[in-house]
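K.L.:
Structure incoming, see below.
Numbering (this note's numbering), first residue to last: 1 to 175.
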């Protein structure tokens, strides 16, 4: 909606605001990446955040940090209920061939602590060969949140790979 306010303060969090009608841009507040072949991959909402002990962390920032670890092919991060902090970070990662879970777990924890801080350290890191995705390739974070909270998954009919949910559930440990 062009008439909606884009920057209530200085707009630093949302990019530049168009100066004229000829410079108009649409801001869907979605994060995407474009690969070398021009394919667009939806990464998530820009405003998705996890609130850990009163500190807000961008899921995009956390996911980028986890996915940036050498040996991690793909990652998703969600918040899960936690008695101590209110919400805890749960990371789901698909390892590349040739990497062990123990070395990746240590590298992911170290990467998050160094890039973001100790409070953002994932409470749980679940390794899975694939993430639950829709037919268009979007990661279904709603299902990962349900798994992390040990809740009913609800409707899974849009999944491209429904078999992965059982595998993820069997490796998730609730503490």
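Glycine is no exception: its CB is placed at the ideal position from the N, C-alpha and C atoms.
Between the stretch 93-111 and the stretch 136-155, are three or more C-beta pairs nearer than 8 Å?
P.N.:
The stretch 93-111, when compared against the stretch 136-155, does not touch it at the 8 Å Cβ threshold.
K.L.:
Residue 40: buried (16+ other C-beta within 10 angstroms of its C-beta) or exposed?
P.N.:
Along the chain shown, one-based indexing puts residue 40 at 40. It counts as exposed.
K.L.:
Can you name, in chain order, every residue of its own chain whose Cβ lies under 6 Å from the Cβ of residue 159, other than the five neighbours on each side?
P.N.:
In the chain shown, the residue the question calls residue 159 occupies position 159. If we look at residue 159 and ignore the five residues flanking it on each side, its Cβ neighbours are 132.
K.L.:
Fully enclosed by the stretch 136-173, which alpha helix (DSSP H) runs are 4 residues long or longer?
P.N.:
DSSP runs (the alpha helix (DSSP H)) wholly in the stretch 136-173: 141-148 and 163-171.
K.L.:
Output yes if chain D places a C-beta closer than 8 Å to the C-beta of residue 41; else output no.
P.N.:
No chain D is present in this structure, which holds just one protein chain.
K.L.:
On the DSSP letters alone, give me the boundaries of the beta strand (DSSP E) that residue 49 sits inside.
P.N.:
Residue mapping note: residue 49 aligns to position 49 of the chain shown, counting from 1. Here the beta strand (DSSP E) through residue 49 covers 49-52.
K.L.:
Roughly how far, in whole angstroms, is the beta-carbon of residue 171 from the beta-carbon of residue 139, given that I think they are within contact range, below 8 Å?
P.N.:
On the chain shown, residue 171 is found 171 positions in, with the first residue counted as 1. On the chain shown, residue 139 is found 139 positions in, with the first residue counted as 1. Wrong, their Cβ atoms sit about 17 Å apart, outside the cutoff.
K.L.:
On a Cα-Cα basis, can you pick out the residue from 161, 119, 87 and 68 that is closest to residue 107?
P.N.:
Locating residue 107 in the chain shown gives position 107, where the first residue counts as 1. Checking every option, the nearest Cα to that of residue 107 belongs to 68.
K.L.:
How do the stretch 78-86 and the stretch 104-118 stand: do at least 3 beta-carbon pairs fall below 8 Å, yes or no?
P.N.:
The stretch 78-86 is not in contact with the stretch 104-118.
K.L.:
Can the beta-carbon of residue 75 be found closer than 8 Å to that of residue 61?
P.N.:
Taking the first residue of the chain shown as 1, we reach residue 75 at position 75. Taking the first residue of the chain shown as 1, we reach residue 61 at position 61. No, these two residues do not count as a Cβ contact at 8 Å.
K.L.:
CB residue 92 to CB residue 168, shorter than 8 Å?
P.N.:
Residue numbering aside, residue 92 sits at position 92 when the chain shown is read from its first letter. Residue numbering aside, residue 168 sits at position 168 when the chain shown is read from its first letter. Against a cut-off of 8 Å, the Cβ pair of residue 168 and residue 92 comes out as a contact.
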